[in-house]
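To start, the structure itself, in structure tokens.
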């Protein structure tokens, strides 16, 4: 299918991108295009102006920022997966990035694009929730840092304003943390039917894939663990307070079951790491 | 808008609509119809081409995103009438049935071997995650890629 007509502008700086995004109501930033273009082809999304931020210099690559790893929003999944700093300081992210989509998708899709899209079925948002990451956004008023916990609001809805550009993902260093990533899907390259990212660094944080309209944490299981529950007991609370979606792949009830199994496996694997 | 890029080693400049997908540009404007359109949903990999040497799904790239980049399609793999070793390995191992997925498979496989020149069979199967064969002829495709890695 062919996307609906749109105007196209190429930004050479973040400031220019913000200006262009502000110039039209129905504008949208384009990076790798691997979340946006499929939606536009299906005409689920039909922005009237695409602002191509894919060529802005300095938005790609991984930087050591002392107590955090800074990942440029335009860094492609393949580069996150193979980056030495990410592998050392946030190995969970390298693992998650290496399993997104397929090799072609990982060559084009960007970290920032996946986060800004806010798809509950994507793996990176859940990993960012588990890692306690935060996101740097630049808008007309300047720069702000949004914690992952405040970022994902609803289905494909984030707290990013329409004229803000996500520029960097800040991931607290957690070289010694125990972690696990579990993903259940039925076919190669598919989105997870349910997935979970577990990070244990003193406290345990668990991010869930596809268990709500937005990426969420398994707060019920996290609280049970904090109260001294075993992995098995805590996993039984993985979907407490959540309304997992029902679709062609799985009923809401099956997703609850999957979440309890995957969270238990995640906690067990993290315990061994 | 004006689009300048290199396709199979030749520089081209064309006036295109921003919404034109790279795969439609290659097939309908550059008249290189070796690249197939399969699913149109970024799943099947039939439209795989190389962008600056890496496999991408050309149905999920706007032509204007390829401005200034180097694209290689299946037509650009052979040199001086001699098939690329991957094409030859596909021929030798009968790694095709209907042939529809073949251009995309070959492009994905050449990009994969660049990143992992000595893969195991399991790695080859993983590496083909983004390409579907509707004849389910995967076995000989995997054999061909392993043979190409040897040669």
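Residue numbers (our numbering), protein chains in the order written: chain A, 7 to 279; chain B, 5 to 155.
Glycine included, every Cβ here is placed at the ideal spot set by N, Cα and C.
Is the shortest distance between the beta-carbon of residue 18 of chain B and the beta-carbons of chain A less than 7 Å? Taking a beta-carbon distance threshold of 7 Å, residue 18 of chain B does not count as an interface residue toward chain A.
Please tell me whether residue 50 of chain B and residue 108 of chain B are closer than 7 Å, where the distance is taken between their beta carbons. yes
Once the 5 residues before and after residue 148 of chain B are set aside, which same chain residues still bring their CB inside 6 Å of it? 93, 94, 97, 99
Using a Cβ distance threshold of 8 Å, determine whether the stretch 270-277 of chain A contacts the stretch 181-194 of chain A, with at least three qualifying pairs required. yes
For a quick check, are the C-beta atoms of residue 27 of chain A and residue 216 of chain A less than 7 Å apart? The Cβ atoms of residue 27 of chain A and residue 216 of chain A lie no closer than 7 Å to each other.
In three-state DSSP terms, what is residue 98 of chain A? helix
Under a Cβ-count criterion, where at least 16 other Cβ atoms within 10 Å of its own Cβ denotes burial, should residue 114 of chain A be classed as buried or exposed? buried
Using DSSP with H/G/I as helix, E/B as strand and the rest coil, what is residue 168 of chain A? coil
When the cut-off is 7 Å and only beta carbons count, does residue 60 of chain B lie next to chain D? No chain D is present in this structure, whose protein chains are A and B.
DSSP has residue 18 of chain B in a bridge; who is on the other side? B/7
Go to residue 190 of chain A, then tell me how far its beta strand (DSSP E) extends in each direction, as first and last residue. Taken as a continuous stretch (DSSP letters only), the beta strand (DSSP E) holding residue 190 of chain A covers 184-190.
Could you pull the DSSP bridge partners for residue 8 of chain A from this structure? For residue 8 of chain A, which the question treats as bridged, DSSP gives no partner whatsoever.
Please decide whether residue 133 of chain B counts as near chain A, where near means a Cβ-Cβ distance under 7 Å. yes
Start-to-end residues for the beta strand (DSSP E) that takes in residue 108 of chain B: Run containing residue 108 of chain B: none in the beta strand (DSSP E); it sits in the alpha helix (DSSP H), 106-119.
Can you give me, in chain order, the residues of the stretch 83-103 of chain A that have a beta carbon less than 7 Å from any beta carbon in chain B? none
When you compare the CB positions of residue 62 of chain B and residue 24 of chain B, do they come within less than 7 Å of one another, or not? no
If distances are taken between C-alpha atoms only, which option among B/106, B/140, B/151 comes closest to residue 128 of chain B? When only C-alpha atoms are compared, the closest one is B/151.
What's the call for residue 83 of chain A, buried or exposed, on a 16-neighbour Cβ count within 10 Å? buried
Does the beta carbon of residue 51 of chain A come closer than 7 Å to any beta carbon on chain B? no
Selection of the stretch 81-94 of chain B by Cβ proximity to chain A, strictly under 8 Å: Within the stretch 81-94 of chain B, no residue places its CB atom closer than 8 Å to a CB of chain A.
Range covered by the alpha helix (DSSP H) that runs through residue 144 of chain B: 142-154
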